[in-house]
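S.K.: With the first letter of the sequence shown counted as 1, position 10 gets the number 10 in the UniProt record's numbering; the numbers rise by one all the way through.
Where a beta carbon is used, it is the ideal one built from N, C-alpha and C, also for glycine.
Source: prediction; values computed, not measured.
Before we start, here is the structure in question, set down as structure tokens.
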Amino acid sequence: MDTTEIEPPQKNKSSGAALFTVYGFFFFWFFLLLFCLLWFSSPSVSYEDKLKENFARGSAELEKRRLALEEEQRKERERREREEREAQERREREARELENRRRLEEESRMERVGAVFRRASVEMPPFSAHHPLLYVQAAKQEMERQRREEWERAKREELGRRKEAEQEEIVRLRARKKSLELELEAVGNKHKQITDRLRDAQSMRRIQKAEVDLINQKRDARIAEINTLQLEFEEWQRKLSQLVPEQQRLSEKLRNISLKKLPRESDGRNTQTRHGSSGNCRRLKDQLDVLEKETTDKLTQMEQYNKELKLGDMDDCLLRGLLSLLACLSQLFLLIKVIPHPFFASHSIIFFGNPSELFFFFFFQTSSPPVFSPATIFTLFPIFIQR
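Written out as structure tokens, the structure reads:
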């Protein structure tokens, strides 16, 4: 059986469709990851702006009430000053009226005393022995009565003035009470505002602490993912290096089988094919060396990204590391796809097993290019499926 038989073209079409599906899957997860990073890094509605707006509104309301309180206190002070002036004028007027009344009463008293003296002198005999005593006694009685009336009148006036003073004091105390109530209300509003600001600050502190804890958890999780990716990448690199001798051994075995089955008259053509295969092997070896060098460079970059992750923006470092890993794996697929060696023209690579025990299995079949199905890619890259 000729091992160089060409497979039907539908397998090439299915291989191209599978490769297109793989790249579509990679680009889908890449853009999804980029969208998530932009979403979580986009600034939300600032809590400080809301707090400042609330503080400005409260300050404006407090200033408005303070101005209203000052205006009311000014009006109350002007009213008290006006009432004090009116009370002073009233007291002065009453004092003048009292002085006039006293003067008039003194004059009337003197007139009454004179009238009593005149009446006593008329009623009593002019040569009576009791005439002076009666005169003096009548004068004393009249003076006592007038003194008592004067004292009662002064007492009534004093009580009236005291009552007016008490009324004024009551009005003043009521105004003072009202102003104190307004001040107490303003102080209560300020205390409530300060309490609200303190509560908002405490809630903001708790929110920021929760965000910091969440960022630390995400950082630890992404560091663990990067370490896992690095270990898996090193494992696949080790398996790839182990497959190189197996590839050479199988290539040699295939070449020997092909040489045994070909007729002798095609020795010249086989010699030319061997030279071409040797050149392809050398080219494949050079490409593998370049791939190993690029893999080493990518690992070095990933280590540098890990260091930068501890010091700087972990989202950018993770994205660059994943992109580097994706580029390296893409080159590996392209390298496997374009290998022109007869071994890869007559063999296929199948990936099977669970994500923790992946390995390569080579088997002989009719000559066809390697087929990569979506299930193969999902099994080969479990970390992208998890993402």
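1) Rank Trp236, Gly24, Asn256 by C-alpha distance to the C-alpha of leucine 299 and give the top, closest one.
2) If you measure between the beta carbons of glutamine 230 and methionine 302, is that distance less than 7 Å?
3) Spatial neighbours of leucine 51 within its chain, please: CB distance less than 7 Å, with the 5 preceding and 5 following residues excluded, ordered by chain position.
4) Around the Cβ of leucine 34, are there at least 16 other Cβ atoms within 10 angstroms (buried) or fewer (exposed)?
5) Report all residues from its chain with a CB closer than 8 Å to the CB of residue 390; omit the five preceding and five following residues, and keep chain order.
6) My guess is that glutamate 168 and alanine 87 are in contact by the Cβ rule of under 8 Å, so how many angstroms apart are they, rounded?
7) If contacts are defined as beta-carbon pairs under 8 Å, then glutamate 76 and alanine 175 qualify, I think. What distance do you get, rounded to the angstrom?
8) Buried or exposed: where does threonine 228 fall if 16 or more other Cβ atoms within 10 Å of its Cβ makes it buried?
9) For glutamate 142 versus valine 113, is the C-beta distance shorter than 7 Å?
10) Leaving out five residues before and five after leucine 182 in sequence, what residues of the same chain have Cβ atoms less than 6 Å from its Cβ?
11) Answer yes or no: do glutamine 193 and glycine 58 have a C-beta to C-beta separation smaller than 7 Å?
12) Is it buried or exposed for isoleucine 226, if we count other Cβ within 10 angstroms and need 16 for buried?
13) According to the Cβ coordinates, are glutamine 146 and arginine 109 closer than 7 Å?
14) Can you give me the C-alpha to C-alpha distance between arginine 85 and glutamate 48, rounded to a whole angstrom?
15) Mind checking glutamine 247: buried by the 16 CB within 10 Å criterion, or exposed?
M.R.: Taking the definition as stated:
1) Counting from one through the sequence shown, the residue named residue 299 turns up at place 299. That would be Trp236, whose Cα lies nearest to the Cα of leucine 299.
2) Reading the sequence shown from its first residue, position 230 is the one you call residue 230. Reading the sequence shown from its first residue, position 302 is the one you call residue 302. A contact, by the Cβ cut-off of 7 Å.
3) Mapped onto the sequence shown, residue 51 falls at position 51. Once the five neighbours on either side are set aside, the close Cβ partners of leucine 51 are Asp200.
4) The count along the sequence shown starts at 1 and reaches residue 34 at position 34. With fewer than 16 Cβ atoms within 10 Å of its Cβ, leucine 34 is classed as exposed.
5) What the structure shows of the chain is the stretch from 1 to 387, and residue 390 is not part of that stretch, so it cannot be assessed.
6) Here residue 168 refers to the residue found at position 168 when the sequence shown is read from its first residue. Here residue 87 refers to the residue found at position 87 when the sequence shown is read from its first residue. The pair is a contact, with the Cβ atoms about 6 Å apart (cut-off 8 Å).
7) For the purposes of this step, residue 76 is taken as residue 76 along the sequence shown, with counting starting at 1. For the purposes of this step, residue 175 is taken as residue 175 along the sequence shown, with counting starting at 1. The pair is a contact, with the Cβ atoms about 5 Å apart (cut-off 8 Å).
8) Within the sequence shown, numbered from 1, the residue matching residue 228 stands at position 228. So threonine 228 ends up on the exposed side.
9) Position 142 of the sequence shown, counting from 1, holds the residue named residue 142. Position 113 of the sequence shown, counting from 1, holds the residue named residue 113. Yes, these two residues count as a Cβ contact at 7 Å.
10) Start at 1 with the first residue of the sequence shown, and residue 182 comes out as number 182. Annotation for leucine 182: Leu69 place their beta carbon closer than 6 Å to its own, counting only its chain and skipping 5 residues before and after.
11) If you number the sequence shown from 1, residue 193 lands on position 193. If you number the sequence shown from 1, residue 58 lands on position 58. Yes.
12) Translated into the one-based positions of the sequence shown, residue 226 becomes position 226. Residue burial annotation: isoleucine 226 is buried, with at least 16 other C-beta atoms found within 10 angstroms of its C-beta.
13) For this step, residue 146 is matched to residue 146 along the sequence shown. For this step, residue 109 is matched to residue 109 along the sequence shown. A contact, by the Cβ cut-off of 7 Å.
14) As a first step, residue 85 must be located in the sequence shown, where it is residue number 85. As a first step, residue 48 must be located in the sequence shown, where it is residue number 48. Straight-line Cα distance between these residues: approximately 54 Å.
15) Here residue 247 is taken as the residue at index 247 of the sequence shown, counted from 1. Answer is buried; the Cβ neighbour count reaches 16.
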